[in-house]
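Residue numbers (my numbering), protein chains in the order written: chain S, 112 to 225; chain D, 190 to 305.
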Amino acid sequence: GENVEQHPSTLSVQEGDSAVIKCTYSDSASNYFPWYKQELGKGPQLIIDIRSNVGEKKDQRIAVTLNKTAKHFSLHITETQPEDSAVYFCAASLHTGTASKLTFGTGTRLQVTL
Amino acid sequence: GAVVSQHPSWVICKSGTSVKIECRSLDFQATTMFWYRQFPKQSLMLMATSNEGSKATYEQGVEKDKFLINHASLTLSTLTVTSAHPEDSSFYICSARFRGSNQPQHFGDGTRLSIL
């Protein structure tokens with residue numbers, strides 16, 4: 112089955128700096144890669160996703176890049192703000208049929224300091 | 190759009206009782222819903238996948254008689270923890286996906302279950 116590794120486990124940046132979180136996956140057939148943000152006591156919130164036919168996707172301060180050859184994808188947050196502090200999870204999935212499911216990384220706790 | 194509501198958000202009950210958690214997709218029809226369990230400072234562990242009108246598919250190691258899942262309609266799935274014990278205490282989160290396997294999963298805000 113799929114295995115997703117995520118690094119770093121914790122990340123502290125100063126407000127205004129950029130943050131980068133990296134994930135690698137094992138199944139070359141995976142074709143869908145979402146990123147979720149989870150605040151304390153809440154469920155994960157989808158912030159951006161990318162499919163395997165695209166190398167990069169951007170949404171305001173958030174961008175995701177995908178390298179299918181190396182089987183890794185990254186989340187980039189620019190101009191970080193205190194409200195970006197949360198736990199971020201990457202995930203990978205093979206989207207085929209109703210049985211497709213997400214395999215999550217271990218999470219990155221991002222702390223944005225003033 | 191894509192709002193998933195989970196209820197209750199927090200429940201405390203005595204050992205041996207059964208607890209039902211509801212997951213509703215408020216503004217879309219969810220042909221597939223997922224149930225996860227999350228321990229403190231850990232990732233999400235998929236427990237089961239349910240498709241509307243059919244039996245749930247459980248992940249390896251998850252007791253289907255312990256965790257009963259019903260996906261009775263396109264907007265509602267329920268998870269019942271039967272004869273709950275302290276080791277069942279955890280954060281349970283559901284997600285829902287619109288028609289089509291290439292659609293993203295949208296998560297509820299979770300239910301914190303504490304068994305005394």
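From the three backbone atoms N, C-alpha and C, an ideal C-beta is built for every residue, glycine too.
Contact set for residue i: own chain, Cβ-Cβ below 7 Å, skip 5 residues either direction
i                      : result
residue 162 of chain S : 142 and 143
residue 190 of chain S : 127 and 172
residue 192 of chain D : 215 and 216
residue 201 of chain D : 303 and 305
Own chain, CB closer than 6 Å to residue i, minus 5 neighbours either side, in chain order
i                      : result
residue 217 of chain S : 117
residue 199 of chain D : 301
residue 187 of chain S : 131 and 174
residue 220 of chain S : 121 and 198
residue 294 of chain D : 284 and 286
residue 221 of chain D : 240 and 286
residue 213 of chain S : 202 and 204
residue 211 of chain D : 196 and 267
residue 167 of chain S : 176
residue 265 of chain D : 213
residue 259 of chain D : 267
Candidates the options: closest to residue i by CA position
i                      : options                       : result
residue 113 of chain S : S/219, S/167, S/203 and S/225 : S/203
residue 193 of chain S : S/130, S/115 and S/120        : S/130
residue 133 of chain S : S/127, S/121, S/205 and S/139 : S/121
residue 181 of chain S : S/140, S/128 and S/123        : S/140
residue 207 of chain D : D/214, D/195 and D/257        : D/257
residue 304 of chain D : D/281, D/294 and D/273        : D/273
residue 222 of chain S : S/136, S/124 and S/147        : S/124
residue 211 of chain S : D/235, D/209, D/196 and D/202 : D/235
residue 287 of chain D : D/196, D/217 and D/298        : D/217
residue 298 of chain D : S/145, S/153 and S/225        : S/153
residue 247 of chain D : D/230, D/232 and D/226        : D/226
residue 170 of chain S : S/138, S/185 and S/159        : S/159
residue 204 of chain D : D/292, D/244 and D/278        : D/278
Contacting residues, own chain, Cβ-Cβ under 8 Å from residue i (five flanking each side not counted)
i                      : result
residue 262 of chain D : 241
residue 196 of chain S : 221, 222 and 223
residue 155 of chain S : 147, 148, 149 and 200
Proximity test, Cβ basis, 7 Å: residue i and chain S
i                      : result
residue 258 of chain D : no
residue 232 of chain D : yes
residue 297 of chain D : yes
residue 282 of chain D : yes
residue 235 of chain D : yes
residue 293 of chain D : yes
CB-CB length for residue i against residue j, believed under 8 Å
i                      : j                      : result
residue 283 of chain D : residue 223 of chain D : 7 Å
residue 136 of chain S : residue 165 of chain S : 16 Å between Cβ atoms; not a contact.
residue 255 of chain D : residue 271 of chain D : 6 Å
residue 233 of chain D : residue 184 of chain S : Not a contact, Cβ separation roughly 18 Å.
residue 269 of chain D : residue 209 of chain D : 5 Å
Neighbour flag for residue i against chain D, beta carbons, 7 Å
i                      : result
residue 170 of chain S : no
residue 217 of chain S : yes
residue 221 of chain S : no
residue 151 of chain S : no
residue 145 of chain S : yes
residue 157 of chain S : yes
residue 111 of chain S : Nothing in the structure corresponds to residue 111 of chain S, since chain S is present only between 112 and 225.
residue 160 of chain S : yes
residue 148 of chain S : no
residue 179 of chain S : no
residue 127 of chain S : no
residue 166 of chain S : no
residue 212 of chain S : yes
Cβ-heavy atom distance, residue i to the ligand HEM, below 6 Å
i                      : result
residue 299 of chain D : Of the ligands one can find in the structure shown there are none, so the ligand HEM has no counterpart to examine.
Inset, instruction - May I have a chain-ordered list of the beta strand (DSSP E) segments no shorter than 3 residues that lie completely inside the region 211 to 250 of chain D? - result: Whole beta strand (DSSP E) segments, 3+ residues: 219 to 227 and 233 to 240.
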